[in-house]
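As structure tokens, the structure follows; a few thoughts come after it.
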Ligand code: PMP
Ligand code: GLN
């Protein structure tokens with residue numbers, strides 16, 4: 004293959020390969036237990052796989068409608084009504100997307116003009132800033148600070164300017180596992196009231212909130228929902244991260260703009276998956292089961308590590324557990340996870356990857372969405388360190 008002969012000006016000069024791909028590749032290379040990238044190592048429910056097979060063989064293999072198949076949009080509307088008391092129009096206010104990543108990218112592309120400011124919270128999920136930068140937007144960083152990673156609403160107030168177009172929120176939060184409270188939502192609502200600021204709420208871990216706490220979805224708050232894109236992902240909820248099916252909800256005016264971009268970014272999403280999910284969503288009790296499953300795994304993980312030299316950070320939600328490793332090593336977090344993968348056979352994510360300037364607090368993230376056998380093996384290795 005000849006090499007490209009011209010100078011190339013990157014649109015994303017600071018961006019390399021996402022840390023999730025990097026660490027999963029390193030784990031594979033060294034045969035390590037992969038507690039880095041967030042995905043379950045157990046399979047999706049057999050009944051859901053049977054439904055996918057049924058719809059694929061049943062002739063549902065051509066383009067789905069641009070907005071998503073009606074039965075799935077109906078199931079999503081019924082879900083958010085039952086869980087959050089939110090009322091979304093099936094035709095005008097719900098769009099099925101190819102993963103939450105695409106929904107987030109599309110919402111940003113639909114809304115952000117060059118020079119607009121977008122507030123995000125560090126540590127920040129890695130797709131947000133590049134999505135904004137590709138639109139010529141300016142990313143403004145608010146800080147979730149250690150040890151509890153709570154939002155500082157006074158700082159957010161100071162960061163808001165007449166150019167603030169969007170605030171991107173994520174609770175339960177990746178990577179820290181923290182969960183926003185009703186008070187956080189009230190503070191946010193007070194800040195955006197009487198402004199043109201739109202919210203993009205990434206709620207992909209909505210069903211993984213532990214210890215009896217409630218997921219404070221933007222959908223519960225009409226004063227927030229009226230100005231918000233709310234995104235969730237079936238990948239997290241049904242152990243099917245590889246299907247890349249998610250959805251976005253927004254008031255019709257916002258959704259009309261979203262769809263203008265959506266139709267040219269992806270047009271439409273894998274059809275048989277949508278029919279299968281629409282049926283499977285009717286199954287009662289799934290969300291409670293999911294929560295119990297992950298709370299159980301979190302507890303096993305924490306109990307074992309409590310007796311180790313790792314220092315556990317709080318984990319109120321998600322399937323991630325952050326730890327400090329300062330009692331074990333004074334290496335930087337990237338060096339530490341690389342050595343952990345190579346020498347001890349357990350891969351993790353360095354939390355510095357979630358900061359724009361690679362800020363390193365000696366914190367790493369483990370994903371505990373793994374089978375009992377994988378967790379037992381990983382914990383046996385980790386407690387020896
Ligand atoms: N947002 C957050 C906070 C995530 O952790 C993830 C993925 N794991 C996504 C978005 C992307 O979800 P999807 O795989 O549906 O694109
Ligand atoms: N969101 C997942 C994580 O945080 C990974 C998704 C991805 O690899 N893009 O690990």
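Numbering (my numbering), first residue to last: 4 to 388.
Glycine included, each C-beta is placed from N, C-alpha and C at the ideal position.
Let me know the secondary structure DSSP gives residue i once reduced to three states.
i	result
residue 205	strand
residue 172	strand
residue 51	helix
residue 164	coil
residue 154	strand
residue 105	helix
residue 225	helix
residue 356	helix
residue 11	coil
residue 365	coil
residue 268	helix
residue 74	helix
residue 288	coil
residue 239	helix
residue 218	coil
residue 96	coil
residue 38	coil
residue 194	helix
residue 33	helix
residue 390	The structure shown does not extend to residue 390, since the chain is modelled only from 4 to 388, so the question has no answer here.
residue 257	helix
residue 387	coil
residue 306	helix
Let's test the definition: count the other Cβ atoms within 10 Å of the Cβ of residue i and tell me whether it reaches 16, buried, or not, exposed.
i	result
residue 64	exposed
residue 259	exposed
residue 209	buried
residue 7	exposed
residue 316	buried
residue 26	buried
residue 14	exposed
residue 24	exposed
residue 270	exposed
residue 66	exposed
residue 4	exposed
residue 376	exposed
Got a sec: does the ligand PMP put a non-hydrogen atom nearer than 7 Å to the Cβ of residue i?
i	result
residue 104	yes
residue 179	no
residue 143	no
residue 205	yes
residue 109	no
residue 3	The structure shown does not extend to residue 3, since the chain is modelled only from 4 through 388, so no value can be given for it.
residue 244	yes
residue 358	no
residue 173	yes
Is residue i near the ligand GLN, with its Cβ less than 7 Å from a heavy atom?
i	result
residue 21	yes
residue 370	yes
residue 41	yes
Give me the residue from the options with the minimum Cα distance to residue i.
i	options	result
residue 254	274, 270, 329, 231	231
residue 134	171, 210, 154	171
residue 373	43, 10, 86	43
residue 180	354, 387, 380	354
residue 21	130, 240, 56	130
residue 285	298, 105, 85, 194	85
residue 249	298, 78, 336, 366	78
residue 276	71, 385, 40, 46	71
residue 234	380, 106, 83	106
residue 220	274, 120, 88	88
residue 110	356, 257, 290	257
residue 342	9, 29, 11, 19	29
residue 318	376, 300, 280, 328	300
residue 282	139, 361, 194, 52	52
residue 151	375, 381, 388, 325	325
residue 287	236, 81, 177, 119	81
residue 2	174, 192, 189	No statement about residue 2 is possible, as the shown extent of the chain runs from 4 to 388 and does not include it.
residue 334	148, 264, 366	366
Quick one: is residue i near chain B, going by C-beta distance under 8 Å?
i	result
residue 17	Annotation note: the requested chain B is absent from the structure, which comprises a single protein chain.
Open item on the list: Three Cβ pairs or more, each shorter than 8 Å: is that satisfied between the stretch 157-168 and the stretch 91-101?
Closed with: When Cβ pairs closer than 8 Å are counted between the two stretches, the stretch 157-168 is seen not to touch the stretch 91-101, the count staying below three.
- [ ] Assess, as a yes-or-no matter, whether the stretch 195-210 is touched by the stretch 220-228 under the definition of 3 or more beta carbon pairs within less than 8 Å.
- [x] Judged by pairs of C-beta atoms under 8 Å, the stretch 220-228 touches the stretch 195-210, as three or more such pairs exist.
Open item on the list: Taking contact to mean 3 or more Cβ pairs, one atom from each stretch, closer than 8 Å, check whether the stretch 104-119 and the stretch 83-94 are in contact.
Closed with: Touching, no.
Open item on the list: Taking contact to mean 3 or more Cβ pairs, one atom from each stretch, closer than 8 Å, check whether the stretch 348-356 and the stretch 17-37 are in contact.
Closed with: Contact between the stretch 348-356 and the stretch 17-37 is established, with three or more Cβ pairs separated by less than 8 Å.
Open item on the list: Quick check: the stretch 363-370 against the stretch 291-300, are at least 3 beta-carbon pairs closer than 8 Å?
Closed with: Of all C-beta pairs linking the stretch 291-300 to the stretch 363-370, fewer than three are shorter than 8 Å, placing the two stretches out of contact.
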